[in-house]
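Only one structure is covered here, and it is reproduced in the block below.
Residue numbers (the working numbering), protein chains in the order written: chain A, 2 to 285; chain B, 3 to 179.
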């Protein structure tokens, strides 16, 4: 017993160093597994506040591009308005069923919440976006995040007033997408090389594809509504040994100047997820 | 200003500069991440017990981790260099008792060449371990080699600039004073 104490006394510094290393590494491993550590909650409140302070200054220099983006987005939304549709065929009449208006609320699948970006990184291999909207304002993990130009990420961690989204520019991020023209589905990932480009995989070679084609979110991704911009094709790599193309996409979202995003809540996400999980269990 | 207060201010400043200045630089290449924050550990006083040195390294790294959402990554690397630091210092100081005459490692207290080697060794160690941990979760061996080399070069440049801009005058202390 005495020898043990002597041993600890002699190598105390080394043992303490080992303990610290093990604590640090266990944080790292656990976080990578679950994308969430409990102790991060309190900390992200503090770092979020600091980020918000910084952003209060940096935002000022971004006012002009942000304004341009919002105007462009408004213009797009105006194009979608019902009044703009011209009904040349007089036999068709638009009837607004007032009874449906209220109940339509119940079947609306996706809700949008605006959120201010207070922290964003682009120069790591694992990038995150901090948003000034948290559980108190109805944000939960597994909600999609889109900017005015296209998709940006997915919420992974939430504190009271802040939330953290895994950016599209994260090595572990994956999203199901489709070609806008022909509808073939594939997966988008990031290879970590340039924050301007992501990689689209699993598009069969039977698909017709050209440079500049749009790639949008697919209906099968339960995080995003369909037809949200993801990016445009900038390079098609034709691998002779494979039946699939590997395509380089230019991201629609400009991660360098994004100031506002929308968090998308899918009302039926839990239901769909539960059904799919229970099906998996049944046929395992 | 007392040594403690000076180091507390340095702690906050190094974290803030790293997070809000260096991390905001648009990425040049995937291999280059400008790191300067660990200079705080290299500047800590000589007379700090090794236990506290290791512990401060851990806390300092963890603070940065909270900003980058990588809990444990920088903490592990900082703990390592804080633990190894006394060994390197003992190798590098030219004469016996030097660490009693000066407060902390600097160009003045250690001399140009020993200080440069001291900084180089610990920078390389820090980046190797940091990128090694990253490499464990993704990347290839070339990613590891390339990133360690490029990041170390950028860090050394930043440290050189910092040392020239904020030249630390070290007072020579004797027993008689």
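The beta-carbon is built from N, C-alpha and C at its ideal position, and this holds for glycine as well. Quick caveat: nothing in here was measured; it's all calculated off a predicted structure.
According to DSSP, is residue i helix, strand or coil?
i, result
"residue 190 of chain A", "strand"
"residue 23 of chain B", "helix"
"residue 167 of chain A", "strand"
"residue 276 of chain A", "helix"
"residue 34 of chain A", "Low confidence applies to residue 34 of chain A: its pLDDT is 49, below 50, so where it sits in the model is not reliable, and the reading given next is rough at best. Correct three-state label for residue 34 of chain A: helix."
"residue 50 of chain B", "coil"
"residue 220 of chain A", "coil"
"residue 101 of chain A", "Confidence at residue 101 of chain A is low in this model, with a pLDDT of 47, below 50, so the placement of that residue should be treated as unreliable; the coordinate-derived value is given next. Note: residue 101 of chain A maps to helix in three-state DSSP."
"residue 56 of chain B", "helix"
"residue 281 of chain A", "helix"
"residue 241 of chain A", "coil"
"residue 8 of chain B", "helix"
"residue 27 of chain A", "helix"
"residue 195 of chain A", "coil"
"residue 61 of chain A", "helix"
"residue 113 of chain A", "strand"
"residue 200 of chain A", "strand"
"residue 227 of chain A", "coil"
"residue 62 of chain B", "helix"
"residue 87 of chain A", "Residue placement at residue 87 of chain A is flagged as unreliable, the pLDDT there being 49, under the threshold of 50; a coordinate-derived value is accordingly withheld."
"residue 13 of chain B", "helix"
"residue 179 of chain B", "For residue 179 of chain B, the predicted model reports a pLDDT of 49, less than 50, meaning its position is unreliable and no value from the coordinates is stated."
Hey, quick one: how far does the beta strand (DSSP E) through residue i stretch, first residue to last?
i, result
"residue 245 of chain A", "245-252"
"residue 208 of chain A", "Premise fails: residue 208 of chain A is in no beta strand (DSSP E) and is neither H nor E."
"residue 180 of chain A", "176-180"
"residue 267 of chain A", "261-267"
"residue 185 of chain A", "Looking at the DSSP string, residue 185 of chain A is not in any beta strand (DSSP E), and its letter there is neither H nor E."
"residue 233 of chain A", "230-238"
Between which two residues does the alpha helix (DSSP H) harbouring residue i extend?
i, result
"residue 10 of chain A", "3-11"
"residue 83 of chain B", "75-94"
"residue 67 of chain A", "64-81"
"residue 43 of chain B", "41-44"
Please report the Cβ distance between residue i and residue j, rounded to the nearest whole angstrom; I am assuming they are in contact, meaning their Cβ atoms lie under 8 Å.
i, j, result
"residue 139 of chain A", "residue 162 of chain A", "That belief does not hold up - the Cβ atoms of residue 139 of chain A and residue 162 of chain A are roughly 12 Å apart, past 8 Å."
"residue 185 of chain A", "residue 179 of chain A", "6 Å"
"residue 214 of chain A", "residue 181 of chain A", "7 Å"
"residue 34 of chain B", "residue 123 of chain B", "The pair is not a contact, with the Cβ atoms about 21 Å apart (cut-off 8 Å)."
"residue 77 of chain B", "residue 67 of chain B", "6 Å"
"residue 145 of chain A", "residue 224 of chain A", "4 Å"
"residue 60 of chain B", "residue 43 of chain B", "Not a contact, Cβ separation roughly 10 Å."
"residue 258 of chain A", "residue 63 of chain A", "6 Å"
"residue 150 of chain A", "residue 21 of chain A", "With a Cβ gap of about 44 Å, residue 150 of chain A and residue 21 of chain A do not count as contacting."
"residue 264 of chain A", "residue 167 of chain A", "Incorrect: roughly 13 Å between the Cβ atoms, too far for contact."
"residue 270 of chain A", "residue 117 of chain A", "Going by Cβ atoms, the distance from residue 270 of chain A to residue 117 of chain A rounds to 24 Å, so no, they are not a contact pair."
Original post:
Which full runs of the beta strand (DSSP E) of 3+ residues lie inside the region 122-160 of chain A, going along the chain?
Top reply: 127-132, 145-148, 152-159
Subject >> Segments assigned alpha helix (DSSP H), at least 4 residues, entirely inside the region 103-174 of chain B >> reply: The region 103-174 of chain B contains these whole alpha helix (DSSP H) runs: 109-112, 114-139, 143-167.
Original post:
Which residues, in chain order, does the region 187-219 of chain A contribute to contact with chain E at a C-beta distance below 7 Å?
Top reply: No chain E is present in this structure, whose protein chains are A and B.
**OP:** Could you list the residues in the region 17-31 of chain A with a C-beta less than 9 Å from some C-beta on chain B, going in chain order?
**Re:** Within the region 17-31 of chain A, the residues whose Cβ lies closer than 9 Å to some Cβ of chain B are 17, 18, 21, 22, 24, 25, 26, 27, 28, 29, 30, 31, listed in chain order.
Original post:
Listed from N- to C-terminal order along the chain, which residues in the region 69-93 of chain B have their beta-carbon within a distance smaller than 8 Å of any beta-carbon of chain A?
Top reply: 69, 70, 71, 72, 73, 74, 75, 77, 78, 81, 82, 85
**OP:** Could you please tell me which residues of the region 122-135 of chain A, in chain order, have their CB closer than 8 Å to any CB of chain B?
**Re:** 122, 123, 124, 125, 126, 127, 129
**OP:** May I ask you to list, following chain order, the residues of the region 37-53 of chain B that have a beta carbon less than 9 Å from some beta carbon of chain A?
**Re:** 51, 52, 53
Subject >> Residues in the region 107-141 of chain B having any Cβ partner in chain A nearer than 8 Å >> reply: 135, 136, 139, 140, 141
Original post:
Of all the residues that make up the region 40-69 of chain A, which are near chain B by a beta-carbon distance shorter than 9 Å?
Top reply: 40, 41, 44, 45, 47, 48, 51, 52, 55, 59
Subject >> Residues of the region 166-185 of chain A with Cβ closer than 7 Å to any Cβ of chain B, in chain order >> reply: 172
Original post:
When Cβ atoms are compared, which residues of the region 253-273 of chain A fall closer than 9 Å to chain B?
Top reply: 257
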